[in-house]
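Sequence order for the protein chains is A and B.
Counted the way our numbering counts, the first sequence spans residues 484 to 763.
Counted the way our numbering counts, the second sequence spans residues 272 to 581.
C-beta atoms are modelled at their ideal positions from N, C-alpha and C, and glycine is treated no differently.
From a predicted model like this one, the values you see are computed outputs, not experimental measurements.
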Amino acid sequence: MKADLSPRMRTALYGLMCVLLIPFVFPTWWMVTSSIKPISDIFAFPPQLIPQSYDWTTYSKVFELQPFVRQYWNSAYIAALVTVGTMIVSSMAGYAFARIKFPYANTIFMIVLLGLLIPSEVTIVPLFQMFLKAGMVNTHWPLILVPIFGAPSVFATFVMRQFFVTLPAELEDAARVDGLGRFKIFRKIALPLARPALASVAIFTFLHSWNLFLEPIVFLSSAEMFTLPQALTQYTDAYGGPMWNIQLAAATLTALPVLIVFVIAQKHFVEGLAHTGLKG
Amino acid sequence: MAVAQENAYPEGRSLSPFWTIARRDSLAGFLFIAPQLIGIIAFVLIPLGLVFWYSLHEWNVLANTFTYTGAQNYLMLIEDESLVEVLGATAIFSAGLVVMNMSLALLLAVLLNQKLAGIAIFRTLFFSPVVVSLVAWTIVWGFLLQKNGGINGMLLMVGIEGPNWLREETTAMISVIVVQVFKNVGLNMILFLAALQGVPKELYEAARIDGAPAFKQFRRITLPLISPTILLTSIITIVGSLQVFAQIAVLTQGGPGLSTTVLVYYLYQQAFQFHFFGYGSTLSIMLFAIVAVLTFAQWQMRKRIVFYES
Chain A
484 MKADLSPRMR
494 TALYGLMCVL
504 LIPFVFPTWW
514 MVTSSIKPIS
524 DIFAFPPQLI
534 PQSYDWTTYS
544 KVFELQPFVR
554 QYWNSAYIAA
564 LVTVGTMIVS
574 SMAGYAFARI
584 KFPYANTIFM
594 IVLLGLLIPS
604 EVTIVPLFQM
614 FLKAGMVNTH
624 WPLILVPIFG
634 APSVFATFVM
644 RQFFVTLPAE
654 LEDAARVDGL
664 GRFKIFRKIA
674 LPLARPALAS
684 VAIFTFLHSW
694 NLFLEPIVFL
704 SSAEMFTLPQ
714 ALTQYTDAYG
724 GPMWNIQLAA
734 ATLTALPVLI
744 VFVIAQKHFV
754 EGLAHTGLKG
Chain B
272 MAVAQENAYP
282 EGRSLSPFWT
292 IARRDSLAGF
302 LFIAPQLIGI
312 IAFVLIPLGL
322 VFWYSLHEWN
332 VLANTFTYTG
342 AQNYLMLIED
352 ESLVEVLGAT
362 AIFSAGLVVM
372 NMSLALLLAV
382 LLNQKLAGIA
392 IFRTLFFSPV
402 VVSLVAWTIV
412 WGFLLQKNGG
422 INGMLLMVGI
432 EGPNWLREET
442 TAMISVIVVQ
452 VFKNVGLNMI
462 LFLAALQGVP
472 KELYEAARID
482 GAPAFKQFRR
492 ITLPLISPTI
502 LLTSIITIVG
512 SLQVFAQIAV
522 LTQGGPGLST
532 TVLVYYLYQQ
542 AFQFHFFGYG
552 STLSIMLFAI
562 VAVLTFAQWQ
572 MRKRIVFYES
């Protein structure tokens with residue numbers, strides 16, 4: 484954007500960015516360090532930026548008070564299923580909207596896009612009633628089916644369509660001359676090329692499912708069925724106040740693995756999302 | 272018949288007169304979109320119809336009655352004194368969030384667009400809250416914002432006695448906005464950064480030769496050229512701000528009073544805590560109308576604001 488910066492400007496920019504970083508980085512640091520402090524130290528004054536003594540028993544309490552392993556598994560398998568399911572449903576739909584001529588394609592595309600306008604919060608009351616009638620309340624089905632097929636997958640379909648539109652037509656023409664059917668063209672030619680778009684779909688679908696909060700608290704009622712976000716808020720004392728050290732330990736266990744995966748794969752994360760936006 | 276010809280398709284030329292390429296494509300197209308379309312019908316369109324239907328009824332879950340009352344729930348919207356406060360809180364929350372999010376995202380994107388060593392590390396760190404579990408992020412902020420929590424502890428070290436952030440109306444609203452901004456600003460930042468990198472460098476060189484100061488370059492070149500991204504992100508951010516629920520539920524439960532009760536939280540309370548499913552549905556329709564009007568308005572504005580579209 485600009486020619487080389489002067490050394491003074493450089494220092495100023497680094498300084499500004501370091502100050503701006505505090506609210507982005509410090510909470511995570513505070514979460515991890517406070518979770519290993521003894522309870523008497525977590526509200527200590529002056530605040531202990533680095534723990535002076537450690538208490539690891541907090542972590543065993545996380546598992547004693549709730550079926551935390553089970554809840555972890557619930558969140559993980561739901562997020563995995565939703566991610567894979569959304570990738571399949573939206574890459575197929577996105578491909579068809581971009582590359583196949585079929586009657587009413589535009590009308591149907593507009594109907595599907597309506598899903599972007601209707602956040603799941605709008606339809607939560609009837610969805611609850613529908614799943615209640617189907618006997619699926621306090622099961623994971625609503626948290627799996629609605630994101631894969633309903634409104635949350637529409638954005639993914641839109642991203643996939645925007646990607647498939649940019650593929651050169653010659654690729655497919657050659658395959659057709661070779662006698663490949665539509666599904667084979669999709670699977671053998673289009674889909675492998677769509678890896679960057681699929682990666683960004685996978686990332687935001689996973690995060691969306693991993694973070695769901697309203698739906699679990701509406702649909703789930705027993706501790707073994709809870710997902711992580713819901714479980715974290717359940718570590719409360721007899722008066723309903725949060726048991727801070729235990730909540731922070733459980734929050735650390737929830738946040739850290741995803742954070743580590745992100746740091747390892749951050750190039751794909753950030754660039755994948757950037758491409759999504761550019762073409763949007 | 273059809274099956275036999277499906278097998279014959281690899282030969283390509285030996286198609287029956289009926290299964291032309293166009294017909295095959297139509298069938299394939301419908302099959303490809305079927306899962307998504309059926310999903311939208313089952314989980315979006317039917318529920319939308321139902322929510323409207325429910326909104327015309329008084330629904331007593333305990334007595335198990337469901338009576339048609341026409342527009343009565345909609346009249347209740349006008350008489351509901353809490354709703355005025357709720358809509359006010361929603362407007363302040365959304366406006367504050369969008370303004371803070373967009374300007375911070377733009378500032379960070381401009382900073383990250385500079386040629387500096389190690390800039391990728393800063394990018395990673397600014398983005399990192401996006402991948403931190405939402406409720407975990409909210410819990411640690413709730414912990415920091417306690418009266419004797421980390422933020423007030425640090426303020427006290429420089430001699431300032433901080434407020435009880437989550438228990439006073441103004442600071443509670445500021446807190447929920449700020450927590451949400453830092454959580455998600457990284458997304459918009461990355462979208463802006465990608466847009467900035469797409470601005471042709473020759474334009475800046477030409478402007479510099481003409482002696483245009485940096486601020487003018489930003490206003491006259493950068494902003495117009497990234498305006499499509501600004502429009503897109505502002506739509507996503509506004510619609511997203513109307514869906515914020517977990518942060519409110521964890522940090523303030525809508526309080527103190529109704530000061531942070533945004534529309535989604537109020538809807539949840541009416542429907543799932545007080546079991547007013549009819550009135551809850553009416554509030555859902557209202558939320559839908561607000562989202563639709565805002566999206567439509569912004570889409571209309573693109574003609575005036577957006578400089579060009581790629």
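Residue i versus residue j: straight-line alpha-carbon distance, rounded
i	j	result
Glu-439(B)	Val-315(B)	38 Å
Gln-749(A)	Phe-303(B)	32 Å
Ser-555(B)	Val-562(B)	11 Å
Ile-422(B)	Ala-527(A)	12 Å
Gly-618(A)	Leu-308(B)	24 Å
Lys-544(A)	Ile-627(A)	30 Å
Gly-420(B)	Leu-564(A)	39 Å
Tyr-325(B)	Gly-359(B)	26 Å
Val-753(A)	Leu-348(B)	43 Å
Leu-739(A)	Val-403(B)	8 Å
Gln-571(B)	Phe-546(A)	53 Å
Arg-491(B)	Thr-716(A)	48 Å
Leu-453(B)	Leu-503(A)	Reading the sequence as shown, one finds Phe at residue 453(B) and not Leu. Computed Cα separation, rounded: 10 Å.
Gly-433(B)	Met-425(B)	9 Å
Leu-697(A)	Phe-567(B)	26 Å
Ile-363(B)	Pro-602(A)	20 Å
Thr-361(B)	Leu-600(A)	18 Å
Leu-427(B)	Gly-525(B)	28 Å
Arg-678(A)	Ala-657(A)	21 Å
Start-to-end residues for the alpha helix (DSSP H) that takes in residue i
i	result
Thr-541(A)	540-548
Phe-398(B)	390-398
Ser-512(B)	498-512
Val-620(A)	Neither: Val-620(A) is in no alpha helix (DSSP H) and is coded neither H nor E.
Glu-356(B)	352-383
Tyr-497(A)	490-518
Leu-437(B)	From DSSP, Leu-437(B) is part of no alpha helix (DSSP H); its letter is neither H nor E.
Ile-525(A)	Note, Ile-525(A): premise wrong, no alpha helix (DSSP H); not H, not E.
Val-684(A)	678-694
Val-411(B)	405-415
Glu-707(A)	First-last for Glu-707(A): undefined, no H or E at that position.
Ala-630(A)	Strictly speaking, residue 630(A) in this sequence is Pro, with Ala absent from that position. Where Pro-630(A) is concerned, the enclosing alpha helix (DSSP H) stretches over 624-632.
Ala-698(A)	Here the sequence assigns Glu to residue 698(A), which means Ala is not the residue at that position. Note, Glu-698(A): alpha helix (DSSP H), 697-702.
Gly-421(B)	421-428
Residue i - containing beta strand (DSSP E), residue span
i	result
His-328(B)	328-331
Thr-336(B)	336-339
Residue i Cβ short of 7 Å to the ligand ADP heavy atom set
i	result
Ala-639(A)	This structure lacks the ligand ADP; in fact it carries no ligand of any kind.
Under the three-state DSSP convention, the category residue i falls into
i	result
Thr-523(B)	coil
Pro-586(A)	coil
Thr-719(A)	strand
Pro-725(A)	strand
His-546(B)	coil
Leu-440(A)	Outside the shown range of chain A, which is 484 to 763, sits residue 440(A), and nothing can be said about it.
Lys-485(A)	Here the model assigns Lys-485(A) a pLDDT of 46, short of 50, so the residue's position is not dependable, and the following value carries that caveat. Coil, per DSSP.
Trp-290(B)	coil
Tyr-537(A)	coil
Ile-448(B)	helix
Phe-516(B)	coil
Asn-344(B)	helix
Asp-296(B)	helix
Ala-483(B)	coil
Leu-387(B)	coil
Pro-530(A)	coil
Pro-635(A)	helix
Close-in-space but distant-in-sequence residues of the same chain around residue i (CB under 7 Å, 5 per side omitted)
i	result
Phe-393(B)	Leu-383
Pro-725(A)	Tyr-718, Thr-719
Ser-558(A)	Trp-693, Thr-710, Leu-711
Val-449(B)	none
Sequence-distant residues of the same chain with beta carbon closer than 6 Å to residue i, five excluded per side
i	result
Asn-344(B)	Ser-326, Gly-549, Tyr-550, Thr-553
Asp-538(A)	Pro-521
Ile-476(B)	In the sequence under discussion, the amino acid at residue 476(B) is Glu, which differs from the Ile named in the question. For Glu-476(B), where only same-chain residues beyond five positions count, there are no Cβ hits under 6 Å.
8 Å Cβ shell around residue i - same chain, five flanking residues per side excluded
i	result
Thr-336(B)	Glu-329, Trp-330
Within chain D, partners of residue i - CB distance below 9 Å
i	result
Leu-379(B)	This model lacks chain D altogether; the protein chains it does include are A and B.
The stretch 513-530 of chain A in contact with the stretch 398-418 of chain B per 3-pair CB rule at 8 Å: Enough Cβ pairs lie closer than 8 Å, so yes.
Sufficient close CB pairs (3 or more, under 8 Å) joining the stretch 539-549 of chain B to the stretch 326-344 of chain B: yes
Meets three-Cβ-pair contact criterion under 8 Å: the stretch 574-585 of chain A and the stretch 518-528 of chain B: no
The stretch 564-578 of chain A / the stretch 603-610 of chain A touching (three or more Cβ pairs under 8 Å): no
Stretch-stretch touch, CB-based, cutoff 8 Å, three pairs: the stretch 492-501 of chain B with the stretch 527-544 of chain B: Contact between the stretch 492-501 of chain B and the stretch 527-544 of chain B is absent, because fewer than three Cβ pairs lie under 8 Å.
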